[in-house]
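*Asks:* Taken in order, the sequence shown gives residues -22 to -1, 1 to 331; the numbers are from mature numbering (1 follows the signal peptide of the UniProt record, and there is no 0).
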Amino acid sequence: MKKTAFSLAAMAVLAAAGSAHAQSNVTLYGRLDAGISNTSNAGPNKSSMTQVSSGGMNTSRWGILGSEDLGGGLKAVFNLEGGILVDTGAADGALFKRQANVGLEGAFGRVVLGRSFTTVYDFVLPFDPMAYAPFYSWATSANATGPSKYGMATAFDNMVKYSGKTGGFSYGASYGFGEQSTGSSDSAKLSTAVTYKTGPVSLLATYEQVNGNTIAGGARDKTTVYHLGAMYDDGPWKVQAAARDYKLDPAASGKADVRGTMYWGGVSYKTTPVITLTGVIYYQDVKNVAANLDADPIMYVARVRYALSKRTDLYVAGAYAKAKHNQLVSLSRDDAGFGDTQRGLIAGIQHRF
């Protein structure tokens, strides 16, 4: 009996020593966002549509993240995250479509391997007044008008990703391997970004390149995307503005480049600690197309956000989009639309856990 008690005590001491050296934590988190939306020109007959929509301010998601203290300031980290369609309960794509990565974090910064959002996606996010809201933001890409959405990549598979910080500078890079047996750079992807913050002012610069596959003749598509941005954040006021230059160099001989520049700017103001008003304009300057196909879509957005608590918000957002030359336009980043104008309104609730 004494031997058993001693053994149990020894095991407890060893376990305590081990846990002191390698503290671990795992967090289950999520964000559920749903609202009732109404959209004009929502079908070929130009009628409007009212529906329950998942993801008004942000895409609904759930995830697991964790870390283990390895000692000496080094930690092992991981993140698994998937999307949810709250209106139906279905998964939004693959189980861990949003994040599936593991890596190390320390004084040098953070390095992860797997699937993750690109460095450009992470760094541009704070410079969008609507924070990539599905209702309504064109900061990741414009609507599907014309030959392209003129957008940036949002996530890479087969990625190695680094982020770090020195003084007022934050910086990062991510590389998605093309995984070609030929050893070529086909399908390879690169995303880099840097921000500088001093007082209430932040500045942004990014670069992204996405390679296509080599075709007969040895050429391949190449897409390059640049961002410049600025933000002023002081007290109740926040002012954000950015521009994205997009260019697709096609591999096919004689095929014109696809080019466009997106501009946006907006203001947010906290009227009280729980009420935030936001107004934004997004404008896509379509280039290198025939004059009568030059849609140049523009979208105006306004939103009121009311915080019921630190984790639960109510919101109402409205938007109006218009394209030139009778081209199609949509408030959505994924739909081409059914007319040269579209109006939308959504009222919803978001809860974070």
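C-beta: ideal position from N, C-alpha, C; glycine also.
1. Going by CA-CA distance only, name the one from M277, Y128, G207, N57 that's closest to F74.
2. How about Y247: is its C-beta nearer than 8 Å to some C-beta of chain B?
3. Nearest to Y260 by alpha carbon, out of A117, F95, E157?
4. Check whether the stretch 266 to 281 touches the stretch 102 to 118, taking contact to mean three or more Cβ pairs, one atom from each stretch, closer than 8 Å.
5. Below 8 Å between beta carbons: does that hold for K200 and G190?
6. Counting along the chain, where does the beta strand (DSSP E) carrying F95 start and finish?
7. Would you report the Cα separation of L(-9) and G81, rounded to the nearest angstrom?
8. CB-CB under 6 Å to V98, same chain, minus the five flanking residues each way: which ones, in chain order?
9. Beta-carbon within less than 7 Å of D135's beta-carbon, same chain only, minus the 5 sequence neighbours each way: which residues are those?
10. Exposed or buried, H303, counting other C-beta atoms within 10 Å across all chains shown (16 or more means buried)?
11. According to DSSP, simplified to helix, strand and coil, what is N121?
12. Distance check for V64 and V294, CA to CA, integer angstroms please.
13. Can you tell me which of the three DSSP states L306 falls into?
14. Going by DSSP, what residues sit across from K175 in a beta bridge?
15. In whole angstroms, what separates the C-alpha of M209 from that of V258?
16. Less than 7 Å between C-beta atoms, sequence neighbours within five positions excluded: which residues of the same chain meet that for A234?
17. Output the boundary residues of the beta strand (DSSP E) element that contains S31.
18. Under the rule that 16 or more other beta-carbon atoms within 10 Å means buried, what is E157, buried or exposed?
19. Do G326 and A297 count as a contact pair if the criterion is CB distance below 8 Å?
20. Can you list, in chain order, the residues of its chain with a C-beta nearer than 6 Å to that of L7? Leave out the 5 residues immediately preceding and following it.
21. Please go through the stretch 215 to 302 and give each complete beta strand (DSSP E) segment of 3 or more residues, from N-terminal end onward.
22. Within 10 angstroms of its Cβ, does L309 collect 16 or more other Cβ (buried), or is it exposed?
23. Is the beta carbon of R330 closer than 8 Å to that of T9?
24. Would you mind stating whether A12 and S32 have Cβ atoms separated by less than 8 Å?
25. Give me the Cα-Cα distance between D212 and P178, rounded to the nearest whole angstrom.
26. As a quick exercise: from T17, V264, Q328, pick the residue whose alpha carbon is nearest that of I276.
27. Excluding the 5 residues preceding and the 5 following R198 in the sequence, name in chain order all residues of the same chain whose CB lies nearer than 7 Å to its CB.
28. Enumerate in chain order the residues of its own chain whose CB-to-CB distance from K24 is below 7 Å, with the five nearest sequence positions on each side excluded.
29. Taking the C-alpha atoms as reference points, what is the distance between G50 and F95?
30. Out of T254, A273, Q1, T249, which one is the CA nearest neighbour of E46?
31. Only counting the same chain, and skipping five residues up and downstream in sequence, which positions put a Cβ closer than 6 Å to that of Q328?
32. Please name the residue, chosen from P104, K127, A151, that lies closest to R311 on a Cα-to-Cα basis.
33. Give the DSSP-derived three-state secondary structure of D313 in the structure shown.
34. Just to confirm the assignment: which complete alpha helix (DSSP H) runs, minimum length 4, are found wholly within the stretch 100 to 176?
*Replies:* In brief:
1. N57
2. No chain B is part of this structure, which consists of one protein chain only.
3. A117
4. yes
5. yes
6. 87 to 95
7. Low local confidence applies: a pLDDT of 39 at L(-9) is under 50, so the model's placement there is unreliable, with the coordinate-based value given in what follows. Going by the C-alpha atoms only, they are around 27 Å apart.
8. M130, S169, A171, T184, E186
9. R93, G154
10. exposed
11. coil
12. 18 Å
13. coil
14. S180
15. 13 Å
16. N266
17. 27 to 32
18. exposed
19. no
20. Checking the displayed sequence, the identity of residue 7 turns out to be Tyr instead of Leu. Taken in chain order, the residues that qualify are G41.
21. 215 to 227, 236 to 250, 253 to 265, 276 to 285, 290 to 300
22. buried
23. First, the residue type needs correcting, since residue 9 is Arg and not Thr in the sequence shown. Yes; because the gap between Cβ atoms is below 8 Å, this pair is in contact.
24. yes
25. 6 Å
26. V264
27. D164, N189, G190, N191, T192, A229
28. F316, G317
29. 28 Å
30. Q1
31. D11, M35, D291
32. K127
33. coil
34. none
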